[in-house]
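Heads up: the sequence lines are chains C and L, in that order.
When the letters of the first sequence are read in order and numbered with the numbering used here, they come out as residues 554 to 928.
When the letters of the second sequence are read in order and numbered with the numbering used here, they come out as residues 81 to 329.
Note that the Cβ used here is the ideal one computed from N, Cα and C, for glycine as well.
Beneath this line is the structure, given in structure tokens, with notes to follow.
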Amino acid sequence: MREFFAFVRKEFLHIFRDKRTLLVLIGLPTALIVLFGFAISTEIRNVNVGLLSADDDVYVTRLMEKIDRSEYFTYVGAFRSEAGLDEAMRRGQVDAALIFGKDFMSSLYSPEGADVAVVVDAVNPNNASMEVMYLSGMISDYFKDDIVSMASYRQQMPATGRLTPNLRMLYNPQLKSSYNFVPGIMGLILMLICALMTSVSIVREKETGSMEVLLVSPVRPINIVIAKMIPYFVVACVVLVNILLLTIFVLKVPVAGSFFWMILVSVIYIILSLGIGMLVSTLVRTQIIATLICGMIFLVPVMMFSGMLYPIESMPEPLQWFAQIIPAKWFIEAIRKIMIEGTPVRYVTKEILILTAMAVVVFTAAVAKFNDKLD
Amino acid sequence: MIDKGDNVIEVRNLTKKFGDFTAVDNITFEVHKGEIFGFLGANGAGKTTAMKMLTGLSFPTSGEGKVAGFDVWTQSELIKKHIGYMSQKFALYGDLTVKDNLDIFAGIYGVPPRQSGKRIAELLDRLSLAGERDTLVRDLPQGWKQKLAFSVAIVHKPEIMFLDEPTGGVDPSARRQFWELIYEAVDEGITAFVTTHYMDEAEYCGRISMMVDGRIDALDSPSALKRKYGAASVAEVFEILARGAKRQD
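What follows is the structure, encoded as structure tokens:
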């Protein structure tokens, strides 16, 4: 047993002596969380809105003031002609515009209803659809609350607005994008640390020849590998706690469901990733190949199929099937359910069972392959 | 397989086949306690395969062998505890310090902590590396790295040390110094089992064996071999024997 601990100590020394790598391991998730959380958020911000209105109407002006007050939009001014608006949009001075037809206010009370066009610069389609959604929401709010109540007070029309898109955003009412990417980042980083770092560290010993010396020593081969996993398990747990603290206290995203189960699911995922790292290390001989395999086969699919960037539901069917074998997909789904939706654990059993089964299969394969290699 | 007191390695008809290829062909020899045994042979002659069987890394196809009194078939775990091994590839951890490397291997070989401190200080002293104990191994000059790798292999005072081409890539004066270390270790009672490419080094050995095509074609002291083959040096003896070799590297 002392032999084993001497070995575990060595692995910790490797990690702590290499301060730069350690810094990357701890710093990367921090940087990602801050980046995703604040800088490259998919929320819209500072959208410049223009106006093209045939006549100066006080209600339209008030609407524009209301839009200007919101944190997403800035009202940049009215344009006299469609050509002028078009020019401004091409120059990038205006991202979105509202176009009111002639006699807008009077036609509002007519049976045909009134026309308002929401025009957006759709160079970035994601932003564009978000802008349309926000703007139309604000317009209908405005006419429902302000005008219609005024109108009913005047008893000119019944208190039912014609413009009533009824959108509700569940679980993420402020449409904060931070909610969605946190489980994704957890899936990515934990896989990176456990699979990539472990496999590279094992393969490095093969490459430098120290594995040969270790195999001649009394340390049992399987213990060499287990000793390798322990420090990365610890590092992964530290990173996990780090991510959670950042999420809760910096991004202010609460953990809606059971904290205990969230940690447990993460630990299963960490163990699974360690198994993947070990499996990769038994298959390859050089650090470069180990890095490539972990990067291309495990990390890229985590990004693609985890639902972090694109929703899996909108992928072609074969790809959807492929997504089912990506461990991170199940992990991210489980964490999303527990952390953000606050789903009771019994509805996450499927994900937990699949992750556990994957961990068992990967470890069995890795140990079998490892023993096979030795002879 | 008697006479355990005197011999640390005893091998009878040891054979290793990979499919149709016989890497080690029916070799028989003994290594006496406290001697320096040179294990020579061209590349591909079967030295590495033979060494793997003796160090408990692989099983023979047939034959018997005892290393440090333990059977190669049934007691490879015990063999591993009683031998030291220095690989031909430099195999220490460059990202760790001199002392860390010694500590790690003392730990792996189960040297009790109280003894290991003393032993490590003694080895560092012998190498005049005491001032470099906290230096990262990758910053040491090549010759010193080799000496350190040697010290690591004997940190647990094994009965036998297997040195696989220990002086590869080292300049002649450093090689001479390295052999001084081997002699010192042998004085401590450690038996040396050395493979080497350098025929001049073979002269330093007590006895040498020469492997050709998986067989041991000659085994004796360097001077006896030179007499027998009428050669001026071990290198000449080796040339005479290797002429008959069929395997090419």
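M849/C counts as exposed, since fewer than 16 other beta carbons sit within 10 angstroms of its beta carbon.
Here I163/L is bridged, per DSSP, to I240/L. Any Cβ of chain C closer than 9 Å to the Cβ of I188/L would place that residue at the interface, and such an atom is present. Listed along the chain, the chain C residues whose CB falls inside 7 Å of the CB of A171/L are T761, G762, S763, E765 and V766. Taken through DSSP and simplified to helix, strand or coil, D608/C comes out as coil. Between the alpha carbons of V152/L and P238/L lies a distance of about 17 Å. Chain-order list of chain C residues neighbouring D180/L: L566, by C-beta distance under 7 Å.
The beta carbon of L638/C lies closer than 6 Å to those of G603, L605, F632 and A650 in the same chain, with the five residues before and after it left out. Shown here, K127/L sits in a helix according to DSSP, grouped into three states. For the options V820/C, A919/C and P774/C, the alpha carbon positioned closest to that of V794/C is the one of V820/C. Of all residues in the stretch 218-231 of chain L, none places a beta-carbon less than 7 Å from a beta-carbon of chain C. The three-state secondary structure of V837/C, taken from DSSP, is coil. Taking a 10 Å sphere around the C-beta of V235/L, we find 16 or more other C-beta atoms and assign the residue as buried.
Shown here, F884/C sits in a helix according to DSSP, grouped into three states. Using a Cβ-Cβ cut-off of 7 Å, S167/L is close to G762, E765 and V766 of chain C, given in chain order. In the structure shown, the three-state DSSP call for N776/C is helix. Residue ranges of uninterrupted alpha helix (DSSP H) with 4 or more members, entirely inside the stretch 263-298 of chain L and ordered along the chain, are 279-282. Shown here, D86/L sits in coil according to DSSP, grouped into three states, outside any helix or strand. Residue pairing by DSSP places V769/C opposite no residue, since no beta bridge is assigned to it. F318/L carries a helical assignment under DSSP once its states are collapsed to helix, strand and coil. Excluding its 5 nearest sequence neighbours in each direction, K169/L has no C-beta neighbour in its own chain below 6 Å. Taking a Cβ-Cβ threshold of 9 Å, the residues of chain C close to L176/L are K563, L566, H567 and R570, in chain order. Between the alpha carbons of W224/L and A233/L lies a distance of about 14 Å. Of the other Cβ atoms in all chains shown, fewer than 16 fall within 10 Å of the Cβ of E640/C; this residue is therefore exposed. DSSP places D105/L in the uninterrupted beta strand (DSSP E) bounded by F101 to H112. Contact between G121/L and K127/L is confirmed by a C-beta separation of about 5 Å, below the 8 Å threshold. DSSP places L261/L in the helix class (H, G or I) of the three-state scheme.
The beta carbon of V778/C sits no closer than 9 Å to any beta carbon of chain L.
Taken atom to atom, the span from the alpha-carbon of D610/C to that of I652/C is near 13 Å.
The Cβ atoms of T108/L and V88/L do not sit closer than 9 Å to each other. Within its own chain, the residues whose Cβ lies closer than 8 Å to the Cβ of I692/C, once the five positions on either side in sequence are excluded, are L616, L651, V669, V671 and L716, listed in chain order. Ranking L825/C, F734/C, E765/C and I824/C by CA distance to the CA of L797/C puts F734/C first. Proximity to F230/L across R218/L, L216/L, K146/L and E245/L peaks at E245/L, based on C-alpha coordinates. Residue-level contact check: D183/L touches chain C, since one or more beta carbons of chain C fall below 9 Å from its beta carbon. In the three-state reduction of the DSSP assignment, G580/C falls in the helix class.
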